[in-house]
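Please read the structure below before turning to the comments.
2 protein chains.
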Amino acid sequence: MESSAPPRVHLDNGGRAPWHPLAREALLQALDDGWADPRRLHAEGRRAARLLDGAREAVAAVLGARTEEVRFTHGHTAALHRAVTAGAAGRRRGGRRIVVGATERAAVLHAADAAGERETVAVDRLGRADAGAFAAAVSRPGVALAALQHANGEVGTVQPVEGVHDAARAAGVPLLVDAGASLGHARVPATWDLLAADPADWGGPAGVGVLAARGRVRLPGTGPEDPEPWAPGGVSVPLAFASAVALEAVQADLAAAGAHRRELVDRIRAAVAGVPDVEVVGDPDTRLPHVVTFSFLYVDGEALVTELDRQGFAVGSGSACTASTLEPSHVLAAMGVLTHGNVRIALDRATSEADVERFLAVLPPAVERVREALGVRGL
Amino acid sequence: MESSAPPRVHLDNGGRAPWHPLAREALLQALDDGWADPRRLHAEGRRAARLLDGAREAVAAVLGARTEEVRFTHGHTAALHRAVTAGAAGRRRGGRRIVVGATERAAVLHAADAAGERETVAVDRLGRADAGAFAAAVSRPGVALAALQHANGEVGTVQPVEGVHDAARAAGVPLLVDAGASLGHARVPATWDLLAADPADWGGPAGVGVLAARGRVRLPGTGPEDPEPWAPGGVSVPLAFASAVALEAVQADLAAAGAHRRELVDRIRAAVAGVPDVEVVGDPDTRLPHVVTFSFLYVDGEALVTELDRQGFAVGSGSACTASTLEPSHVLAAMGVLTHGNVRIALDRATSEADVERFLAVLPPAVERVREALGVRGL
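If you read the protein sequences in the order shown, they are chains A and B. The opening position of the first sequence corresponds to residue 1 in UniProt numbering, with each subsequent residue numbered one higher. The opening position of the second sequence corresponds to residue 1 in UniProt numbering, with each subsequent residue numbered one higher.
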């Protein structure tokens, strides 16, 4: 890269954010102290086990859970799969229906289809499930499990998990809360029976996930032959330890980092709304502090991501991930908003006002260029 | 640790070895270059994808496979589960029997039970499956998959995979070769249709595994909703990259490191055989270069591991892993040898002759002390 070129701005920090500096340091320490198998009896194994237990304890403290209620998995997708499968199986006597929000992650929707009979609760145009409708669905007989995300990682909208948890508890149905887009960015309420969270989303490593289950939730394992059904074969202790250290670091700064990014998102929402033929989606107020999504008419999402990348800005898109997932976002479809020409911004804690202003200066001409290439004249 | 104390000697390097120095360097590089999601379209994502593809290419070169035949998984156990499940499903029309060796890993045995009908081929007292019996079992109608490890990680015995692969191929049955204890330590023959290997065993990280499938093996995925059925949600690119760099490093030195450790194992086998009431197990010749196992009469394995740990030596044991797996080793049981009082040694490339001599000096009195504590007088 030439020294005269402005530095790249990475605005795609949802799900896979750059490493928090303290997570990197923690990883290096754990490479030395935690390389051994924590299931072994010797000193090296016991040292690795202590690091792993310490990591569980740190995550539990943030969640308001007990250490033994927190496990590490092989990633967020694995945690969601396991939570749905085991949560549904644990209540099999109560029925096989699994009630989910329409904007849950694909991993939850597919696991629910595989583990039982899925009942999907619709969301409104802001992406929010109606608490009353969700509570009613959970309260009917035959429900094994309910799943509602704390906040949606694509559009930022926060869901009414507290009210839904009250209803689920009254019905004796465990509630899985996917906090994969929120833990590390916003306070996560304690109103869950199962909870999954994603270290890679808060500046920790990919390749490890968090799954918590309240002691009152009875989860069947896969039998004595598999001492770690949450993560067959075990997890990387250095990754787990780095995850916990990153979480402690971002929690210490949660309010300030949230307020800073909330203002930047407000600025982006206001400025983008001025671009012709755009729809800014998601709840403008009850939302994650760092996520904002908008869709342009007459624009191909993949082309726009590529054009912005050429200009030095990395952004996400609900309709441009990889060749194999180039289908329209089911989240945007469920909200009834534009599903193409989509840009998803997830701000890092380090994103500055100057970064945002540079992006906002580059965005309208980039949209214009993509429209021109498609033969659509700007207004 | 006091400076006057001799350094600890780690002799439990099977399955979770200390990091190879080059793997550590590679990890640090990949933390900078490979933190992004390799499925993303922007520059950071493409850079991570290049690192991941490079890692697949490097592993493929060692295996004599094509890059697209090699995938990373969430660990060795996950690779074995996936290989058995997908391998059996891919041939479902051909039958549902899965032929396995008696000393395969628990992950293979349990996955075979879950995916079909398991037929287990016995091993002899050295731990070797009879090639003729295995070939006959594979050749009968109704077999979906066969699984035979290249070498056993507990006792070191090498299996006749070449001959079995000839028979499997003639019968049109895919052969899964578990190279989890051998890749990085010995030449792995190219006679496989599916192969699983374990980076943590060769000085790479835990939390990532290798699964290779020949192009002629048709493996069903889990559908378009899951672009990476091998590793739902994806793997850690830094861990995958570090795995590949470690493998290249140990392959460059394979013959020398093998010869050095083979001699040390010969020395251990000879010396341990002189301890009263001991059985040294596994094939003394056709074996892994670095693994040796022996069992003592009148000794509790966990107590002996703990006593040796106190003396500064970390060893493994087939009967002392964690509280949840304190059952006798199914490998030793299948061989018809002593299943208790077991010590498993897996030498590191860096293990020196002096380390081994110190261990051999400490072992007999340690055995004696454990026997005395149990009320058994030494001979």
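Where a beta carbon is used, it is the ideal one built from N, C-alpha and C, also for glycine. Computed from a predicted structure; not experimentally measured.
Establish whether the CB of residue i and some CB of chain B are separated by less than 8 Å.
i	result
His-76/A	yes
Trp-35/A	yes
Pro-328/A	no
Arg-18/A	The question names Arg, but residue 18/A in the sequence shown is Pro. Yes, because at least one Cβ of chain B sits closer than 8 Å to the Cβ of Pro-18/A.
His-150/A	no
Pro-364/A	no
Ala-320/A	Reliability fails at Ala-320/A, whose pLDDT of 44 lies under 50, so the model's placement of it is uncertain and no value is given.
Val-235/A	yes
residue 380/A	Lying before the first or after the last residue shown, residue 380/A is absent from chain A, which here runs from 1 to 379.
Met-1/A	Interpretation of Met-1/A is limited by its pLDDT of 46, a score under 50 that renders its predicted location unreliable; the figure taken from the coordinates is listed afterwards. It does not: the Cβ of Met-1/A has no partner Cβ on chain B nearer than 8 Å.
His-81/A	yes
Gly-184/A	no
Val-367/A	no
Arg-287/A	no
Val-370/A	no
Val-9/A	no
Arg-71/A	no
Gly-163/A	no
Could you confirm whether any beta carbon from chain A is found closer than 8 Å to the beta carbon of residue i?
i	result
Gly-87/B	no
Asp-277/B	no
Pro-205/B	yes
Asp-12/B	yes
Leu-31/B	yes
residue 381/B	Limits of chain B in this structure are 1 at one end and 379 at the other, which puts residue 381/B out of reach.
Ser-243/B	no
Pro-232/B	yes
residue 398/B	Not covered by the structure: residue 398/B. The range shown for chain B is 1 to 379.
Leu-239/B	yes
Gly-180/B	no
Ala-314/B	yes
Gly-64/B	no
Val-210/B	no
Arg-56/B	no
Arg-24/B	yes
Gly-15/B	yes
Residue j and residue i - do their beta-carbons sit closer together than 8 Å?
i	j	result
Val-9/A	Phe-241/A	no
Thr-73/A	Leu-211/A	yes
Leu-304/B	Phe-296/B	yes
Thr-120/B	Val-161/B	no
Ala-346/B	Val-291/B	yes
Val-108/B	Val-100/B	yes
Ala-167/B	Val-138/B	yes
Ala-200/B	Arg-16/B	yes
Asp-253/A	Arg-40/B	no
Thr-286/A	Val-158/A	yes
His-76/A	Gly-180/A	yes
Gly-95/B	Val-143/B	yes
Val-370/B	Asp-300/B	yes
Val-164/B	Ala-131/B	yes
Val-62/A	Leu-247/A	yes
residue 418/B	Ala-147/B	Here chain B comprises residues numbered 1 to 379, so residue 418/B is not present and cannot be evaluated.
Ala-106/B	Pro-238/B	no
Trp-35/B	Ala-48/B	yes
Val-281/A	Leu-363/A	no
Residues of chain C with a CB under 7 Å from the CB of residue i: which are they?
i	result
Ser-352/A	Included in the structure are the protein chains A and B, with no chain C among them.
Using DSSP's beta-bridge definition, name the partner residues of residue i.
i	result
Asn-152/A	Bridge partners of Asn-152/A: none, in fact.
Ser-295/A	Glu-279/A, Asn-342/A
Arg-269/A	The partner list for Arg-269/A (beta bridge, DSSP) is empty, contrary to what the question assumes.
Requested in this report: Output, in sequence order along the chain, the residues in the region 299-310 of chain A whose CB is closer than 7 Å to any CB in chain B.
Outcome: Glu-302, Val-305, Thr-306, Asp-309
Query raised in the report: Which residues, in order along the region 251-262 of chain B, keep a beta-carbon less than 7 Å from a beta-carbon of chain A?
Result: none
Requested in this report: Would you list, in chain order, the members of the region 93-108 of chain A that have their beta-carbon closer than 9 Å to a beta-carbon of chain B?
Outcome: Ala-106, Ala-107
Query raised in the report: What are the complete beta strand (DSSP E) segments, minimum 3 residues, inside the region 171-221 of chain B?
Result: 175-178, 194-197, 209-213
Report task. Entirely within the region 9-45 of chain B and at least 4 residues each: give me those alpha helix (DSSP H) ranges in chain order. Result -> 21-33
Query raised in the report: Along the chain, which unbroken stretches of the alpha helix (DSSP H) at least 4 residues long are found entirely within the region 100-140 of chain B?
Result: 106-115, 131-139
Query raised in the report: Got a sec: which bits of the region 41-53 of chain B sit with their beta carbon under 7 Å from any beta carbon on chain A, in order along the chain?
Result: Leu-41, His-42, Ala-43, Glu-44
Query - Residues in the region 334-348 of chain B having any Cβ partner in chain A nearer than 7 Å - result: none
Report task. Starting from the N-terminal side, write out each stretch of the alpha helix (DSSP H) that is 4 residues or longer and does not extend beyond the region 233-272 of chain A. Result -> 237-252, 254-272
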